[in-house]
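Structure, as structure tokens:
Protein chains in written order, with our numbering: chain A, 1 to 296; chain B, 297 to 973; chain C, 974 to 1198.
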């Protein structure tokens, strides 16, 4: 599909400009997760598996309702449970749907060395293209949310696709469709942001939940998945949601200035030795031996 | 009306609950006084400054009903909602959240032993003939001034006779009391717990269990298992082998004991919910028709086909061999297209039809003989109508299956959706909706009008079907509670309405760690029934059972069959016991440790789930701990078959004590011991 | 293990004759190691820059390159350790090295006659050797962290970033050394390239570049301290 390339705005490990640069076709899509109305039923976990054709995993009970400790190559979204103790001693069970955040400035894509293994569409979805993935795991370094996961059998990395296949056909993602409480919403980023802010305001003003707010971290340029949190000042309480996620400066430096420095250094080295040869030529071997050619 | 007379209901109510101070609430429940008052203020704030626009609802499930005083808890909610004016209002009411998709349908269709379809009372041996029966069960109006009462149950004879016609057809005539003699006369308690008790004692010889895992349900699962060992036969219709259909394999059954079990077990492969059509009735009383999604696999058969075949075979045997009283069986109507009726035919039969041409005297509308009746207002007590369930009448009319409609229009914007499916009665979405208007017929909230009196049409009209006599002018002062003989809400329950008293009173569960703070000498419900076989044991704190235990369900599993589904097992793979952090520390239990919970009846082994979410309670100055277990595992399932858990059933722990009105067992609160396993 | 030239008819030290500088074992190890390093270099450069990603196609394609890079890196580490066993004696810093180092300007400007004599390897070569030795240790350790994608738990995420940093810095450092080493061995020191393939150098070559070594192997000087 020739038009598919126009819908791609960023490509990992790609030399030169992106074919779809400058194209403005789609609005940004966004998934809104309202943690204040989530009941942790896990319908979204199952819907994702069923849509993507993954079989069910053998799991083990570990003092929690959480199905497993982290997302996996074959388990792309996971409700994280945390029995959070508030300052007044009361306990609340926080439940947060964890999956790829589809950052506007994706760390995985920045870190990936393989051409075309990770792409970002003009609608904001960040998608792994396993055919181009080399399984190096650099994306793990770039992601502040611990999302990309490795399949050791196929040696490819996997994560939530925001149902790019469904979205491209005008359908909502599978998780959204399955949610029984309607705490998952899907639409344009602007609309979802509006909805989220309205809900957060309602929580603050009508229910006295003063710290309610919207999680849309600017450190990664904003995300394609946003949360309404009861306490937006404490995202870590929600199963380790980072407070100020951003691409690690090591990755930024490595893929930015370091590349320039390194490449220039290597080029400089080659240039340097070439110039040296021009200037000084090779070393000559003297056939007569000087008895005291060097210092004792 | 002054509400001041010392013997008026209001004053008696105040007197009854004058003892229920916030301090008492704290003593009995452990909920701090200020928190209770905050909740009370919040709930009653709907009527702040006399505002009648706002509405509040109460939603509950088995946490309330599964107690030996469960009915009284619901009564309390009803009284509260009546006092607050929340009944008959959209967004109000007392709403049961049913635990199965069709439990409402089951009770509507007379699935409980003490009612016929449409909640007609079952005949008793004292009803010597139809007239006696109808006299007993048809309430006479009582009109407390200044209210007029519709007393709609006064139409009982029409519903009852139409029901008899639906069962016995032409064999039910005016001359033979419409075959009233063919109806079983229910002489005692045949409720769930009683059936198992009877089987244990040997008077019930066998059982047909369709989609019902009696062993896992309990209460006192081991008693049910032992009861089955004594039965002659067991027929199980299921989609998986379950604990009931393999009762002899329960842990603890020795090989020697197995040799002594003579129960013949028939296992019939049945169809799953997606393989059947038919209707399900939800908590909002909507009948929703569903279509077959996938064909039945292998040799599985539809439940109705199996039951039909059994009935037809029994009838054949009666025809051939005679018997004690073959008439009811031989006379039961069975005029379906095929020997096994389709559920569509049954639905039509349930809706009811005219057996003769009928004319409405007011509108002159004619229904021809053989046509479906439009609703229960057409039912007669003279044998000219047939109707399987009067409250469902209207669900499948000449216009087609109303219950299959899928209209998503909501013209009033109140979420009424009048064209989605069909709700009983008569597609009314909110019961007693006359109460959503003031005495003059004007809605309390002009912005959310449900029904109202239309003066020019001289009729009640609305966005919802009025639950009222349509042409009763407001000045007639007819009470909105048309199903009570008085027409008004029953804050006070008359004699005979409940096994308990007219006003709810606090009672402790049969197994409680504390005495009743109001009356320690009568801690429990005085009319509760305990059973008395050797398998029925009850605990006291003195025996060392000091921890309160409760059982519940999870969203990841559905009762006892999802342990066969890899999807559910993945989400929650193993049974566990939720234990408060403080109690775990006291007993040296860490998360994931294997623990044993023991009640007076049996024990349960699972992994510890140490949690902060369950806090210790201070009940009457005593520190009381509560633990909880999900019910979903047993001794047959994916994990169970792989030997990955202890294979014990949660309901081995629960007591055989039941609510005296609804006969629901007290699954939700009993005493246990807890230790590391 | 000593790396003195084995006495052979070719080591009489007569002018015009050739002496053995590198044994067969040494040469094989050098080239095997070189091959491993070059594969890692090519694939490493491919992973380093999108503009060099096409290099991966030359050596098996992206996933294959990713698969072999750490294995051959491990092999190179083994190779490096073998070379360490072979040459660590020869690579220790001597008094001659310190003298030579002070006069390194002459070496750079190809004014070798004004350089003090050196042993089998001069200070520059020794610097290169130790650069590669320590470099490969850093590359191997950081490489192990990067090799197994799931090896580092999220709680130690900083360690993954440390591995990335160390791997990049060590790689660039060894590449720098490698550029100079190849330049020196091919363009700069005539006969150097042949010596590491055929093993022999002329006596003049030996006297010019590694006088102390020459005198030692031909018996004219005691072994260096």
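For glycine and all other residues, C-beta sits at the position ideal for the given N, C-alpha and C.
task: Thinking residue 746/B and residue 726/B are a contact (beta carbons under 8 Å), I'd like their distance in whole angstroms, please.
output: Contact between residue 746/B and residue 726/B holds, since their C-beta atoms are separated by about 6 Å, short of 8 Å.
Interface residues of the segment 118-135 of chain A facing chain D [CB-CB below 9 Å]: The structure shown has no chain D; the protein chains it does contain are A, B and C.
message: Between residue 139/A and residue 174/A, how many whole angstroms is the CB-CB distance? I'm expecting something under 8 Å.
response: So it is not a contact: roughly 23 Å between Cβ atoms.
field: Contact list for the segment 244-270 of chain A against chain C, Cβ threshold 8 Å
entry: 248, 250, 251, 254, 258, 259, 262, 263, 265, 266, 269 and 270
message: Taking 8 Å as the threshold (C-beta atoms), are residue 11/A and residue 142/A in contact?
response: no
field: residue 210/A at chain B interface by Cβ criterion, 8 Å
entry: Residue 210/A is outside the set of residues whose beta carbon lies under 8 Å from a beta carbon in chain B.
message: Using a Cβ-Cβ cutoff of 8 Å, what residues of the segment 901-915 of chain B are near chain A? List them in chain order.
response: 903, 904, 905, 906, 907, 908, 909 and 911
- prompt: With distances taken from CA atoms, which of 674/B, 572/B and 523/B is nearest residue 659/B?
  reply: 674/B
message: By the 7 Å beta-carbon criterion, what residues does the segment 850-872 of chain B contribute toward chain A?
response: Within the segment 850-872 of chain B, 851, 852, 862, 863, 866, 867, 869, 870 and 872 place their CB atoms closer than 7 Å to a CB of chain A, listed in sequence order.
DSSP-derived helix/strand/coil call for residue 737/B: coil
query: Apart from the five residues on each side of it in sequence, which residues of its chain come closer than 8 Å, Cβ to Cβ, to residue 8/A?
result: 18, 19, 20, 119, 120, 121 and 122
- prompt: List, in order along the chain, the chain A residues whose C-beta lies closer than 7 Å to that of residue 1161/C?
  reply: 282 and 283
- prompt: Is it buried or exposed for residue 239/A, if we count other Cβ within 10 angstroms and need 16 for buried?
  reply: Answer is buried; the Cβ neighbour count reaches 16.
- prompt: What residues of chain A sit near residue 1038/C, judged by a beta carbon separation below 9 Å?
  reply: Under the 9 Å cutoff, chain A gives 134.
query: Should residue 128/A be labelled buried (16 or more other beta-carbon atoms within 10 Å of its own) or exposed?
result: buried
query: Does the pairing of the segment 54-72 of chain A with the segment 862-874 of chain B give three or more beta-carbon distances under 8 Å?
result: yes
- request: Verify the CB distance criterion: does residue 1132/C have a CB-CB separation below 8 Å to chain A?
  value: no
query: Going along the segment 138-162 of chain A in order, which residues come within less than 7 Å of chain C, judged by CB to CB distance?
result: 140, 141, 146, 150 and 155
field: Local conformation of residue 963/B per DSSP, three classes
entry: coil
message: Distance check for residue 1149/C and residue 273/A, CA to CA, integer angstroms please.
response: 11 Å
- request: Could you list the residues in the segment 879-891 of chain B with a C-beta less than 9 Å from some C-beta on chain A, going in chain order?
  value: 886, 887 and 888
message: Distance check for residue 769/B and residue 693/B, CA to CA, integer angstroms please.
response: 29 Å
- prompt: Does DSSP classify residue 587/B as helix, strand or coil?
  reply: DSSP places residue 587/B in coil when its eight states are reduced to three.
- request: Check whether the Cβ of residue 272/A lies closer than 7 Å to any heavy atom of the ligand GDP, and answer yes or no.
  value: The ligand GDP is absent from the structure shown, which contains no ligands of any kind.
- request: Taking 8 Å as the threshold, find out whether the segment 1026-1035 of chain C comes into contact with the segment 100-110 of chain A through three or more Cβ pairs.
  value: no
query: Near residue 176/A, which residues of its chain fall below 6 Å by C-beta distance, leaving aside the five closest residues on each side in sequence?
result: 184 and 186
- prompt: Expressed to the nearest angstrom, what Euclidean distance is found between the alpha-carbon atoms of residue 1170/C and residue 1191/C?
  reply: Residue 1170/C and residue 1191/C have their C-alpha atoms spaced approximately 22 Å apart.
field: Proximal residues of chain A, C-beta to C-beta of residue 1022/C below 7 Å
entry: Result: 259 and 263.
- prompt: Taking just the CA atoms, how far does residue 904/B sit from residue 982/B?
  reply: Residue 982/B falls outside the range modelled here, since chain B spans only 297 to 973, and no answer is possible.
field: Chain-order list of residues whose beta-carbon lies under 6 Å from that of residue 394/B (same chain, five-residue window excluded)
entry: Residues 400 and 579 of the same chain have their beta carbon placed closer than 6 Å to that of residue 394/B, with the five preceding and five following residues left out of the count.
task: Tell me, please, which residues DSSP counts as bridged to residue 876/B.
output: 907/B
- request: Tell me the start and end of each unbroken beta strand (DSSP E) in the segment 494-566 of chain B that is at least 3 residues and wholly inside, in chain order.
  value: 502-506, 529-534 and 560-565
query: In terms of alpha-carbon separation, which member of 744/B, 741/B and 766/B lies closest to residue 751/B?
result: 766/B
Residue from 663/B, 825/B and 641/B whose Cα sits closest to the Cα of residue 1036/B: This structure leaves residue 1036/B out entirely; chain B is present only between 297 and 973.
- prompt: With 8 Å set as the bound, which would you pick, yes or no: does the beta-carbon of residue 1139/C sit closer than that to a beta-carbon of chain A?
  reply: No, residue 1139/C lies away from the interface with chain A (no Cβ there is under 8 Å from its Cβ).
- request: Quick one: residues in its chain with C-beta nearer than 7 Å to the C-beta of residue 595/B, no 5 flanking neighbours on either side, listed in chain order?
  value: 565
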